[in-house]
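Novice:
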Amino acid sequence: NKSKKKKDEL
Amino acid sequence: MNLFRFAGDILHLLSILVLLLKIHATKSCAGISLKTQELYLAVFITRYLDLFWNFHSLYNSVFKVVYIGTTSMIVWYMRRHRNVKLTYDRDHDTFRYLFLVAPCAVLSLLINARYNLFEILWTFSIYLEAVAILPQLVLLQRTKNVDNLTGNYVFLLGLYRAFYILNWVYRFATEPGYSAWLVWISGLIQTGLYLDFFYYYVQAWKQSKKLQLPS
Numbered sequence: 005n006k007s008k009k010k011k012d013e014l
Numbered sequence: 319m320n321l322f323r324f325a326g327d328i329l330h331l332l333s334i335l336v337l338l339l340k341i342h343a344t345k346s347c348a349g350i351s352l353k354t355q356e357l358y359l360a361v362f363i364t365r366y367l368d369l370f371w372n373f374h375s376l377y378n379s380v381f382k383v384v385y386i387g388t389t390s391m392i393v394w395y396m397r398r399h400r401n402v403k404l405t406y407d408r409d410h411d412t413f414r415y416l417f418l419v420a421p422c423a424v425l426s427l428l429i430n431a432r433y434n435l436f437e438i439l440w441t442f443s444i445y446l447e448a449v450a451i452l453p454q455l456v457l458l459q460r461t462k463n464v465d466n467l468t469g470n471y472v473f474l475l476g477l478y479r480a481f482y483i484l485n486w487v488y489r490f491a492t493e494p495g496y497s498a499w500l501v502w503i504s505g506l507i508q509t510g511l512y513l514d515f516f517y518y519y520v521q522a523w524k525q526s527k528k529l530q531l532p533s
């Protein structure tokens, strides 16, 4: 899931 | 998670703690921009709205709560604490919120990954974080003689951003399919804003002199 991945940073 | 990312997060936390401790210990917020602190609070709240339903890791959740909590405390000190609020440099901290918030809001409506409320708020927070330091940098320039803790605060913040760039380079090289253009470009702009400050900070450090910014 691309959008989930980009939100793994703070 | 890699070491660059971890170092970035720790430096970010450290920068906030340095500021909070300075305010708490000296009961003074001289030289600190309330505008920047409130913009950061807006950044954290709009970005971490997903705290309750988008669980990623305990690490992330703890940092999100700590960032919102500590920045709220700084804003509380500057606005409400009976001694601290008297030291706030209101006359020099005159940067207009609207100059930063409005363009970021428009840009997040125009350029985002998906058109829904939370995605747009998240994108807005990315854009706003990139420029939220500007009122602080302007205030530093006006104050001329920058005290050590304020200088260290801005330096640590800039260092945090530099480590995030290293983290992206590392991730790009090691994670197949990893890309995040929106975050990268905003991050590069954000880090770029610190370059001028970094130059004077390092000069002052090398000559072991007090940090002074040219007007």
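Sequence lines, in order, name chains A and B.
Letter by letter, the first sequence follows residues 5 to 14 in the numbering used here.
Letter by letter, the second sequence follows residues 319 to 533 in the numbering used here.
Idealized CB from N, CA, C, for every residue including glycine.
1. So, is valine 472 of chain B buried or exposed, given that buried needs 16 or more other C-beta atoms within 10 angstroms?
2. With a threshold of 6 Å on Cβ separation, who are the neighbours of glutamate 447 of chain B within its own chain once the five nearest residues in sequence on each side are excluded?
3. If you follow the alpha helix (DSSP H) that phenylalanine 473 of chain B is part of, which residue opens it and which one closes it?
4. Spell out the partners DSSP gives glutamine 530 of chain B in its beta bridges.
5. Which word fits histidine 342 of chain B, buried or exposed, when buried means at least 16 other C-beta atoms lie within 10 angstroms of its C-beta?
6. With a cut-off of 8 Å, does the C-beta of phenylalanine 381 of chain B fall near any C-beta of chain A?
7. Mapping DSSP to helix, strand and coil, what is phenylalanine 413 of chain B?
8. Can you name the start and end residues of the alpha helix (DSSP H) that glutamine 521 of chain B belongs to?
9. With a CB to CB cut of under 6 Å and the five nearest residues on each side skipped, what residues in its chain are close to threonine 461 of chain B?
10. Please report the residue range of the alpha helix (DSSP H) in which aspartate 327 of chain B lies.
11. Straight-line CA distance for tryptophan 502 of chain B to leucine 352 of chain B?
12. When you compare each of B:Trp523, B:Gln525, B:Phe515 to leucine 531 of chain B by their alpha carbons, which one comes out closest?
13. Could you tell me the boundaries of the alpha helix (DSSP H) in which tyrosine 285 of chain B lies?
14. Contact defined as beta carbons within less than 8 Å: I believe isoleucine 429 of chain B pairs with leucine 500 of chain B. What is the distance between those atoms, to the nearest angstrom?
15. Of all Cβ atoms in chain A, is any one closer than 8 Å to the Cβ of asparagine 378 of chain B?
16. Alpha carbon to alpha carbon, what distance is there between glutamine 459 of chain B and serine 533 of chain B?
17. Are the C-beta atoms of leucine 514 of chain B and some chain A residue less than 8 Å apart?
Specialist: Answer, in terms of the structure:
1. Translated into positions along the second sequence, residue 472 of chain B becomes position 154. It counts as buried.
2. The residue given as residue 447 of chain B occupies position 129 in the second sequence. Closer than 6 Å at the Cβ level, and outside the excluded window around glutamate 447 of chain B, lie Val361.
3. Here residue 473 of chain B refers to the residue found at position 155 of the second sequence. Residue range 466–492 is occupied by the alpha helix (DSSP H) that includes phenylalanine 473 of chain B.
4. On the second sequence, position 212 is the one that residue 530 of chain B refers to. For glutamine 530 of chain B, which the question treats as bridged, DSSP gives the partners B:Asn463.
5. Stepping through the second sequence from its first residue, residue 342 of chain B is reached at position 24. Here histidine 342 of chain B is exposed. Its C-beta has fewer than 16 other C-beta atoms within 10 Å.
6. What you label residue 381 of chain B is simply residue 63 of the second sequence in a count that begins at 1. For phenylalanine 381 of chain B, the answer is yes, since a Cβ of chain A falls inside 8 Å of its Cβ.
7. Sequence index remark: in the second sequence, residue 413 of chain B carries index 95 (1-based). Three-state result, phenylalanine 413 of chain B: coil.
8. Mapped onto the second sequence, residue 521 of chain B falls at position 203. Where glutamine 521 of chain B is concerned, the enclosing alpha helix (DSSP H) stretches over 513–524.
9. Locating residue 461 of chain B in the second sequence gives position 143, where the first residue counts as 1. Residues Gly349 of the same chain have their beta carbon placed closer than 6 Å to that of threonine 461 of chain B, with the five preceding and five following residues left out of the count.
10. In the second sequence, residue 327 of chain B corresponds to position 9, counting from 1. Start and end: 321–344.
11. Taking the second sequence and counting its residues from 1, one reaches residue 502 of chain B at position 184. Taking the second sequence and counting its residues from 1, one reaches residue 352 of chain B at position 34. Near 27 Å, if we compare the C-alpha coordinates of leucine 352 of chain B and tryptophan 502 of chain B.
12. Here residue 531 of chain B refers to the residue found at position 213 of the second sequence. Of B:Trp523, B:Gln525, B:Phe515, the residue nearest in Cα terms is B:Phe515.
13. An answer regarding residue 285 of chain B cannot be provided, because it is not within the stretch 319 to 533 covered by chain B.
14. Locating residue 429 of chain B in the second sequence gives position 111, where the first residue counts as 1. Locating residue 500 of chain B in the second sequence gives position 182, where the first residue counts as 1. Indeed, because the Cβ distance is near 7 Å, the residues count as touching under 8 Å.
15. By one-based count along the second sequence, residue 378 of chain B stands at place 60. Chain A, which has a Cβ nearer than 8 Å to the Cβ of asparagine 378 of chain B, makes this yes.
16. As a first step, residue 533 of chain B is located in the second sequence; it is residue number 215 there, counting from the start. As a first step, residue 459 of chain B is located in the second sequence; it is residue number 141 there, counting from the start. So the alpha carbons of these two residues sit roughly 6 Å apart.
17. Numbered from 1 along the second sequence, position 196 holds the residue referred to as residue 514 of chain B. It is worth fixing the name first, because residue 514 of chain B is aspartate in this sequence and not leucine. No, no contact with chain A.
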